[in-house]
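So the structure is just underneath, and the comments pick up after that.
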Amino acid sequence: ARSTGTFSYATYHTLEEIYDFMDMLVVEHPQLVSKLQIGNTYEGRPIYVLKFSTGGNNRPAIWIDTGIHSREWVTQASGVWFAKKITEDYGQDPAFTAILDTMDIFLEIVTNPDGFAFTHSKNRLWRKTRSITPGSSCVGADPNRNWDAGFGMAGASGNPCSETYHGQFANSEVEVKSIVDFVKDHGNIKAFISIHSYSQLLLYPYGYKTEPAPDQNELDRVAKSAVTALASLYGTKFTYGSIIKTIYQASGSTVDWTYSQGIKYSFTFELRDTGRYGFLLPASQIIPSAQETWLALQAIMEYTVTHPY
Amino acid sequence: KENFVGHQVLQISAVDEAQVQKVKQLEELEHLQLDFWRGPAQPGSATDVRVPFTSLQAVKIFLEAHGIRYRILIENVQALLDEEQEQMFAFQSR
Chain E
864 ARSTGTFSYA
874 TYHTLEEIYD
884 FMDMLVVEHP
894 QLVSKLQIGN
904 TYEGRPIYVL
914 KFSTGGNNRP
924 AIWIDTGIHS
934 REWVTQASGV
944 WFAKKITEDY
954 GQDPAFTAIL
964 DTMDIFLEIV
974 TNPDGFAFTH
984 SKNRLWRKTR
994 SITPGSSCVG
1004 ADPNRNWDAG
1014 FGMAGASGNP
1024 CSETYHGQFA
1034 NSEVEVKSIV
1044 DFVKDHGNIK
1054 AFISIHSYSQ
1064 LLLYPYGYKT
1074 EPAPDQNELD
1084 RVAKSAVTAL
1094 ASLYGTKFTY
1104 GSIIKTIYQA
1114 SGSTVDWTYS
1124 QGIKYSFTFE
1134 LRDTGRYGFL
1144 LPASQIIPSA
1154 QETWLALQAI
1164 MEYTVTHPY
Chain L
22 KENFVGHQVL
32 QISAVDEAQV
42 QKVKQLEELE
52 HLQLDFWRGP
62 AQPGSATDVR
72 VPFTSLQAVK
82 IFLEAHGIRY
92 RILIENVQAL
102 LDEEQEQMFA
112 FQSR
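Going line by line, the protein sequences match chains E and L.
One rule links them: number in the working numbering = place in the first sequence (from 1) + 863.
One rule links them: number in the working numbering = place in the second sequence (from 1) + 21.
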């Protein structure tokens, strides 16, 4: 593609194509978008985050990440669509313009670059990172079990060959540690949204323990408004609730850690599934999935702006 | 590239906690090389698992022996992967 205007959002792309897309977006919108490198992956690939900002100094911010489980391709593809949507809607959609005039947005489209590259080169169904565990022939850890929140408790596996292996120690995966360092350095992130697929769920803490989060009632209300907004477009029904109550116990998860850092509006999405394809959602479903998910994201972002803490 | 010819994804419907536990037992059997796309959770919620061709018979017999209902979500994983690649190549060549 020569520009983000000729880039196709209705097909799956490689890591290189997505990285090129980011550079085109920054060139086209230098006053709005910048590209930050927050680290390097285990195999040495750069880890990029797009920053959308209309000024100010260390404004309160919203974090969105897609692709932490590499095989969940519709999430990285949705991330690309979100990035373009932000540049289209700023200055055009009053509600969204108000959000970006108040807060910054950080968007990490490929949160697990090594895993993503591996899904294109060797194994389409690869989920984990690509780190080596000494003493094991099995590769990678589950980047959504590697966070320092109930790390290693029930709801993750200590077996390096498992798809839910939690890693050698909390934050052992550099892809996770890079986000942890970024969040701590920034210190003013007010909403953190990590996007997975599929199952059509909107989840909030906790995953590793049954006690309700202190902000349980508010998080439940926000989640309800978000899934209502999402369903308004194509009728896609999402279930919402705490991770442990809605699906199962999962320890060391992203949003349990971000919530423990005081980021109240911490959510995990599991995007649409048609009940037929799982992670192999046809490319024709990318844009409808991104469109409906954006409505939910906007609901959460608007709530975050209007309920500062 | 990893080949998934003959791999199927089964969607399992456990109706009670005992059946959920049975499915979790399956998860422990490493030699079956099962890949849970949607883990066993609670009664009433679906469990999706990719089963390699060599383990298909054993898993289906296990489920049927315990009266656990399942349906085939994906008949042949590799066919879907091939379709995905063709779509991407067709777009790129266009």
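C-beta: ideal position from N, C-alpha, C; glycine also.
query: Less than 8 Å between the CB of E49/L and some heavy atom of the ligand FAD, yes or no?; result: Of ligands this structure carries none, so the ligand FAD is not represented either.
query: Report all residues from its chain with a CB closer than 6 Å to the CB of S1020/E; omit the five preceding and five following residues, and keep chain order.; result: T1027 and Y1028
query: Using a Cβ-Cβ cut-off of less than 8 Å, give me the residues of the segment 1136–1157 of chain E that come near chain L, in sequence order.; result: G1138, R1139, Y1140, G1141, F1142, L1143, P1145 and A1146
query: What are the boundary residues of the beta strand (DSSP E) that includes H1059/E?; result: I1052 to S1060
query: Buried or exposed: where does K947/E fall if 16 or more other Cβ atoms within 10 Å of its Cβ makes it buried?; result: buried
query: Are any of the Cβ atoms in chain B nearer than 9 Å to that of K947/E?; result: The question asks about chain B, but that chain is absent: this structure's protein chains are E and L.
query: Return the bridge partner residues of Q32/L from the DSSP annotation.; result: D69/L and R92/L
query: Anything in the segment 981–992 of chain E with a Cβ closer than 8 Å to a Cβ of chain L? List those residues in chain order, please.; result: S984, K985, N986, R987 and L988
query: Please return the same chain residues whose Cβ sits closer than 6 Å to the Cβ of D928/E, not counting the five positions on each side in sequence.; result: E971, T974 and S1057
query: Could you run through the segment 1109–1120 of chain E and flag, in chain order, every residue whose CB is less than 7 Å away from some CB of chain L?; result: I1110 and Y1111
query: When you compare the CB positions of S933/E and W989/E, do they come within less than 9 Å of one another, or not?; result: yes
query: If the cut-off is 7 Å on Cβ atoms, which residues from the segment 876–904 of chain E count as contacting chain L, listed in chain order?; result: none
query: Taking Cβ-Cβ distances shorter than 7 Å, what residues in chain E pair up with R59/L?; result: S1062
query: Skipping 5 residues on each side, what residues in its chain have a beta carbon closer than 7 Å to that of E1036/E?; result: T992, S994, A1004, P1006, N1009 and G1030
query: Would you report the Cα separation of Y1103/E and E1133/E, rounded to the nearest angstrom?; result: 10 Å
query: In chain E, which residues lie less than 7 Å from F112/L when you measure between Cβ atoms?; result: S871 and T874
query: Leaving out five residues on either side along the sequence, give the residues of the same chain with a beta carbon under 8 Å from the beta carbon of Y953/E.; result: L895, F915, T917, F959, T960 and L963
query: Along chain E, which residues have their Cβ under 9 Å away from the Cβ of A62/L?; result: T1109, I1110 and Y1111
query: At least one CB of chain E closer than 9 Å to the CB of S66/L: is that the case?; result: yes
query: Just the C-alpha distance for S871/E and A864/E, rounded to the nearest angstrom, thanks.; result: 8 Å
query: Would you kindly report the start and end of the unbroken alpha helix (DSSP H) that includes F959/E?; result: P957 to L963
query: Give the range of the beta strand (DSSP E) segment to which K898/E is assigned.; result: V896 to N903
query: Tell me the rounded alpha-carbon separation between Q32/L and F884/E.; result: 36 Å
query: So, for A79/L: in the same chain, excluding its five sequence neighbours on each side, which residues have a beta-carbon less than 8 Å away from its beta-carbon?; result: L53
query: Do A1153/E and S1088/E have their CB atoms nearer than 9 Å?; result: no
query: Could you check where the alpha helix (DSSP H) with P1068/E kicks off and where it finishes?; result: P1068/E -> no alpha helix (DSSP H), and no H or E assigned at all.
query: Return the CA-CA distance between Y1111/E and K1072/E, expressed in angstroms with no decimal places.; result: 10 Å
query: Output yes if chain E places a C-beta closer than 9 Å to the C-beta of Q108/L; else output no.; result: yes
query: Would you call the segment 1042–1055 of chain E and the segment 1123–1141 of chain E in contact, with 3 or more CB pairs under 8 Å?; result: yes
query: So is T917/E in contact with chain L if we call contact Cβ pairs under 9 Å?; result: no
query: Using 10 angstroms around the beta-carbon of F110/L, count the other beta-carbons present and answer buried if the total reaches 16, otherwise exposed.; result: exposed
query: Which first and last residues belong to the alpha helix (DSSP H) in which I881/E is found?; result: L878 to E891
query: Give me the Cα-Cα distance between S984/E and H1170/E, rounded to the nearest whole angstrom.; result: 44 Å
query: Counting Cβ pairs closer than 8 Å, one from the segment 80–88 of chain L and one from the segment 39–58 of chain L, do we hit at least three?; result: yes
query: Give me whichever residues DSSP pairs with K914/E in a beta bridge.; result: S897/E and F969/E
query: Which same chain residues, not among the five before or five after W936/E, have their C-beta less than 6 Å away from its C-beta?; result: Y875
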